[in-house]
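The sequence shown begins at 83 in the numbering used here and counts up one residue at a time.
Data first, discussion second: the structure below is written as structure tokens.
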Amino acid sequence: MTKTHYRTLWLSDIHLGNRDCKADYLLAFLNSVSIDTLYLVGDIVDMWQMTKQFRWPKAHNQVLHKLMQMSQQGTRVVYLPGNHDEPIQSYSGMVFGDIEIERQLIHTTAEGKQYLVFHGDQCDGEVTLGKFHAWIGDKGYDLLLFLNREYNRFRGWRKREYWSLAGYIKKHIKGANQAIARYREACCHRAEQLGVDGVICGHIHHPQSTIENGIHYINDGDWVENCSALVETHEGELSLIYYLDTMDAQADKVTHLPAKPTSSRAA
């Protein structure tokens, strides 16, 4: 099988150890690409969920093995832990085997544009999400994922492809869009303070590319609801990929910004 080669790949919110992780799809995607640099942008392993109920299917182990294999075969792998894999945050600045661990950093594209990269939970203290935050972070979100799981089980029985019912419902919850907007604003504010062109994050399971006050905001999404990723070509072109839109992963090109000079790493 011919693999698609990318300069950079961003993945976040995989949630290995969670029953709603789409590990089979992710493994198929990883086997279809080759990359120079891989950023694991937090919540790769769902340590929160595993403390409640330990679950580690074969496919989850295969994904973890694949990520380690990539790091050993020439791909630079950088792990930027989030809130669900918080214990790993204490190892920031260290290297384990062939995997670098950082809390945040600056990525420079082939075109010279610079992006702050972090999971996004760093902005939680700056964003008051109110009732929606409490709902989405507790049993309501578990219910949402349960509905998503059962709905897609029915679709599978009808020989239909996966579709994110969870994403659709979230878009129609009162206050959800406002909460997402406040999160986006907080992330862009951090990028603006660093003088960079944009910010690449995860955390809220909502893939998006937009311009916010002159800052390019990109959320690479997740592998619980959306099966999405962000890639960079060798020409510096950034594309959000929704793997299940088409199984050969057609890319949706995102807007470009002019580069600004800045430092090579975030403080």
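Ideal placement from N, C-alpha and C gives every residue a C-beta, glycine not left out.
Computed from a predicted structure; not experimentally measured.
Excluding the 5 residues preceding and the 5 following residue i in the sequence, name in chain order all residues of the same chain whose CB lies nearer than 6 Å to its CB.
i	result
Ile183	Tyr161, Tyr173, Ser174 and Met176
Lys104	Trp305 and Cys309
Gln290	Asn301
Gln204	none
Phe111	Tyr325
Gly207	none
Thr190	Gln196
Buried or exposed for residue i, please, with buried defined as at least 16 other CB atoms from any protein chain shown within 10 angstroms of its CB.
i	result
Asn308	buried
Ile156	Checking the displayed sequence, the identity of residue 156 turns out to be Gly instead of Ile. Under this definition Gly156 is an exposed residue.
Ile293	exposed
Trp138	exposed
Phe178	exposed
Pro169	exposed
Lys195	buried
Asn100	buried
Arg272	buried
Arg242	exposed
Arg240	exposed
Arg266	buried
Lys213	With a pLDDT of 46 at Lys213, under the threshold of 50, the predicted position of this residue should be treated as unreliable, and no value is reported.
If you draw a straight line from the alpha carbon of residue i to that of residue j, how long is it in whole angstroms?
i	j	result
Ser153	Asp302	21 Å
Ile81	Leu120	This structure cannot speak to residue 81, because the chain is shown only from 83 to 349.
Asp106	Leu98	11 Å
Asp128	Ala268	24 Å
His147	Asp327	26 Å
Leu320	His285	19 Å
Asn165	Ile262	17 Å
Glu274	Asn295	9 Å
Leu276	Ser94	22 Å
Gln144	Leu109	7 Å
Gln260	Gln151	40 Å
Pro163	Ile96	12 Å
Ile354	His288	This structure cannot speak to residue 354, because the chain is shown only from 83 to 349.
Ala141	Gln171	25 Å
Leu149	Ile188	22 Å
Arg235	Ser114	25 Å
Asp167	Met83	33 Å
Below 8 Å CB to CB, which residues in the same chain sit around residue i once its five sequence neighbours on both sides are set aside?
i	result
Ala192	Arg89, Glu314, Thr315, His316, Glu317 and Gly318
Tell me, which residues are paired with residue i by DSSP?
i	result
Glu314	Thr90 and Leu320
Thr190	Gln196
Tyr161	Leu122 and Ile183
Phe178	Ile181
Leu98	Val127
Asn301	Cys283 and Gln290
Ile262	None; Ile262 has no bridge partner.
Val115	Thr86
Under 7 Å Cβ to Cβ from residue i, same chain only, skipping five residues before and after it: list those, please.
i	result
Ser116	Lys85 and His87
Ile181	Ser153, Val159 and Tyr161
Asp118	Arg89, Thr90, Thr157 and Arg158
Trp92	Tyr121, Val123, Ile282, Asp302, Ala311 and Leu312
Cys270	Val281, Glu294, Asn295, Ile297 and Tyr299
Indicate, with yes or no, if the ligand FAD has a heavy atom lying under 8 Å from the CB of residue i.
i	result
Ile262	Absent from the structure shown: the ligand FAD. Ligands present: none.
Report task. Report yes or no: do the stretch 129 to 145 and the stretch 191 to 199 share at least 3 C-beta pairs separated by less than 8 Å? Result -> no
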